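Contents: one structure, followed by commentary.
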Amino acid sequence: MEEENKVTLHGTWRSPYAKRVELALKLKAIPFEYVEEDLNNKSPLLLKYNPVYKKVPVLVHNGKPIAESLCIIEYIDETWKNSPQLLPEDRYKRAKVRFWTSFIHQQLYETMLTAMKAAGEAQEKAIKELWEKLQVLEEGMKDIFLNGTPSIISNGSMGILEIVMCSLLGPYKLQEEVLGIKIIDPEKTPLIFSWLEAINELPLVKETAPPSEKTIALLKFVRENALKSSSA
Amino acid sequence: MAEVKLLATWPSPFYYRVVWALKSKGIAYEFIEEDLANKSPLLLQYNPVHKKIPVLIHGGKPICESMIILEYIEEIWPKNSLLPNDPYEKAVARFWIKFADDKSPEIWRVFRSVGEEQEKAAKDSLEMLKTIEEHALGEKKFFGGDKIGMVGIAFGQLAQWLQVIEDVTGVKLLEASEFPRLQRWINNFKQVPVINENLPDYDQMFAFFKGRRQMLLASK
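So the sequences go chain by chain: W and E.
Here the first sequence is numbered in the numbering used here, starting from 287 and rising by one per residue.
Here the second sequence is numbered in the numbering used here, starting from 268 and rising by one per residue.
See below:
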């Protein structure tokens, strides 16, 4: 049967959420077809598969669609049981990982986006908030990992937390370049700094990252667009 | 068997999510009432990041965020399952749980605001209700089945708190004629014994939220 076990990912290189799913599939060595969506001209398939949000990423497995990156990653982990395991086996640890995944996904990213799209006082406020939240995460790392050392450093394994960190803050140096401000300071958040260094060293992460110029151009575009419409 | 404690406040809908999950599985627990105007050292110790309720404490270990608590409860006590077994159905359930968490705050924006801001919140709330009516609720009695599950519990705010918000603000959102499936679900949901026996008293809730709204408006 053609459709049996077929996996398709609808995404766009611009979306950190689609990147998460791409990383999860590649980490588990799951063969998949990739469909690059043009968000200004969404395919009929995308609209059919995600009528609620009409967004990427959408994973289609055996003809059945799943939307929302974190839901997709949990599905991947439950369906393909080969290693690496993306969520911990231990239920209490799993609850902790879900908590921090949600924190990074909702709180950190929202603040980062606000900083990216604002100027002047509004931007200063957002950046201050971002640093505060990074401090919270820095403290949290001591709670998540033994001695605060992420498993990626102790045994090279990448899980859902690393996937989410990578998608949002992996390109932090480029984000810093566009914002003109330091986001990840090795002195203020040493654990996060070394975590991101380890993540960005992984061959898979290097391979899947778009060329820096493309990312910088995208970030600049997002920022300029937002500033234009807020002053219009 | 490790002790289960639940740190929460009445009449938080997030507290009730956890109550429904625990009771549907017959899990005994101790309720510890928290005063959010005067947060206890216990709360600050167990939820230092958000300082919010509910917090489930199992064998002395805290779990925060209501839907994360429910996933934990489901995994530790799988009896009377609240999630489908099939991984695809489970993914669909989690999609709707996330939708409930992301969109339900709109009804609270209606509660907290006036004028233009309230109009926008009402519009967004209606969008949410429409999406649930058209996409989430099939012809089955509950979301995805004949028994209540985590998705229904996640949408539980709509079963009682929404009405309180409507009555306190005078903003009608859920017209039964416009949302027949949703209305039917609410009626069915409230009749399920574990829900029926564990809903906050309507009049007490009305008085509580009416007072709250008055305070909010006075401070504007």
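Just so you know, even glycine gets a beta-carbon here, dropped at the ideal spot from N, CA and C.
Values in this document were obtained by computation on a predicted structure and should not be read as measured data.
Compute the Euclidean distance between the alpha carbons of residue i and residue j, then round it to the nearest angstrom.
i                  : j                  : result
Glu-410 of chain W : Glu-356 of chain E : 44 Å
Lys-306 of chain E : Ile-470 of chain W : 32 Å
Ala-403 of chain E : Trp-363 of chain E : 7 Å
Thr-398 of chain E : Gly-434 of chain W : 42 Å
Gln-409 of chain E : Leu-440 of chain E : Sequence check: residue 409 of chain E is Phe here, not Gln. About 21 Å.
Glu-386 of chain E : Arg-284 of chain E : 28 Å
Leu-356 of chain W : Lys-314 of chain W : 16 Å
Glu-364 of chain W : Lys-328 of chain E : 25 Å
Leu-488 of chain W : Ala-503 of chain W : 24 Å
Pro-280 of chain E : Ser-498 of chain W : 46 Å
His-391 of chain W : Val-450 of chain W : 7 Å
Asn-368 of chain W : Glu-375 of chain W : 13 Å
Phe-475 of chain E : Ala-288 of chain E : 25 Å
Val-286 of chain E : Val-342 of chain W : 35 Å
Leu-429 of chain E : Pro-496 of chain W : 45 Å
Ala-353 of chain W : Glu-323 of chain W : 14 Å
Leu-505 of chain W : Arg-451 of chain E : 47 Å
Asn-347 of chain E : Lys-487 of chain E : 46 Å
Ala-304 of chain W : Ser-515 of chain W : 26 Å
His-317 of chain E : Gln-393 of chain W : 11 Å
Ile-343 of chain E : Val-271 of chain E : 12 Å
Considering only their Cβ atoms, is the gap separating residue j from residue i smaller than 8 Å?
i                  : j                  : result
Lys-350 of chain E : Gly-437 of chain E : Here residue 350 of chain E turns out to be Leu, not Lys, going by the sequence shown. Contact flag unset, no.
Phe-318 of chain W : Thr-298 of chain W : no
Glu-400 of chain E : Phe-446 of chain E : yes
Lys-323 of chain E : Glu-301 of chain E : Note on identity: in this sequence residue 323 of chain E is Leu, with Lys being the wrong assignment. No; because the gap between Cβ atoms is not below 8 Å, this pair is not in contact.
Lys-340 of chain W : Lys-350 of chain W : no
Ile-359 of chain W : Arg-306 of chain W : yes
Gln-424 of chain E : Leu-466 of chain E : no
Glu-358 of chain E : Arg-376 of chain E : Residue identity check: residue 358 of chain E is Ala in the sequence provided, not Glu. Not a contact, by the Cβ cut-off of 8 Å.
Val-508 of chain W : Cys-452 of chain W : no
Ile-446 of chain W : Leu-373 of chain W : yes
Ile-420 of chain E : Leu-337 of chain E : yes
Ile-316 of chain W : Trp-366 of chain W : yes
Ser-333 of chain E : Pro-315 of chain E : no
Tyr-458 of chain W : Leu-482 of chain W : yes
Leu-449 of chain E : Leu-396 of chain E : yes
Throw me the rounded Cβ distance for the residue i and residue j pair, which I believe falls under 8 Å.
i                  : j                  : result
Asn-348 of chain W : Lys-292 of chain W : 7 Å
Ser-291 of chain E : Val-418 of chain E : 14 Å between Cβ atoms; not a contact.
Leu-465 of chain W : Ala-512 of chain W : Leu-465 of chain W to Ala-512 of chain W, Cβ: 13 Å. No contact.
Arg-377 of chain W : Tyr-339 of chain E : 6 Å
Leu-303 of chain E : Thr-276 of chain E : 6 Å
Met-398 of chain W : Leu-454 of chain W : 7 Å
Glu-269 of chain W : Ile-413 of chain W : For residue 269 of chain W there is no data in the structure shown, the boundaries of chain W being 287 and 518.
Asp-434 of chain E : Phe-473 of chain E : 6 Å
Which chain A residues are close to residue i, counting only those with a beta carbon under 8 Å from its beta carbon?
i                  : result
Lys-328 of chain E : In summary, chain A is missing from the structure at hand, where the protein chains are W and E.
Requested in this report: Scan the region 492-503 of chain W for residues whose Cβ lies nearer than 9 Å to a Cβ of chain E and list them as they occur along the chain.
Outcome: none
Query - Contained beta strand (DSSP E) runs [length at least 3] in the region 294-374 of chain E, N- to C-terminal order - result: 297-300, 322-325, 328-331
Requested in this report: Would you mind listing the alpha helix (DSSP H) stretches within the region 357-425 of chain W that are 4+ residues and don't spill past its ends, in chain order?
Outcome: 377-388, 395-403
Query raised in the report: At what residue ranges does the region 290-341 of chain W contain a whole run of the alpha helix (DSSP H), taking only runs of 4 or more?
Result: 302-313, 330-335
Query raised in the report: At a Cβ cut of 7 Å, what residues of the region 310-326 of chain E count as close to chain W, listed as they run along the chain?
Result: Val-316
**Report entry** Contact set between the region 356-387 of chain E and chain W, restricted to residues whose Cβ is under 8 Å from the partner
**Finding:** Lys-357, Ala-358, Val-359, Arg-361, Phe-362, Lys-365, Phe-366
Query - Positions along the region 330-346 of chain E whose CB lies within less than 8 Å of some CB in chain W - result: Ile-330, Cys-331, Glu-332, Ile-335, Ile-336, Glu-338, Tyr-339, Glu-342, Ile-343
Query raised in the report: Quick one, which residues of the region 385-413 of chain E are near chain W if we go by CB-CB under 7 Å, in chain order?
Result: Thr-398, His-402
Query raised in the report: Which of the residues in the region 280-302 of chain E, read from start to end, lie with their CB under 8 Å from any CB of chain W?
Result: none
Report task. May I ask you to list, following chain order, the residues of the region 306-339 of chain W that have a beta carbon less than 8 Å from some beta carbon of chain E? Result -> Pro-337, Val-338
Requested in this report: Give the residues from the region 351-372 of chain W that approach chain E closer than 9 Å (Cβ to any Cβ), ordered along the chain.
Outcome: Ile-352, Ala-353, Glu-354, Leu-356, Cys-357, Ile-358, Glu-360, Tyr-361, Glu-364, Thr-365
Query raised in the report: Mind pulling the alpha helix (DSSP H) runs of 4 or more residues that sit fully within the region 389-473 of chain E?
Result: 417-421, 424-436, 447-458, 460-463
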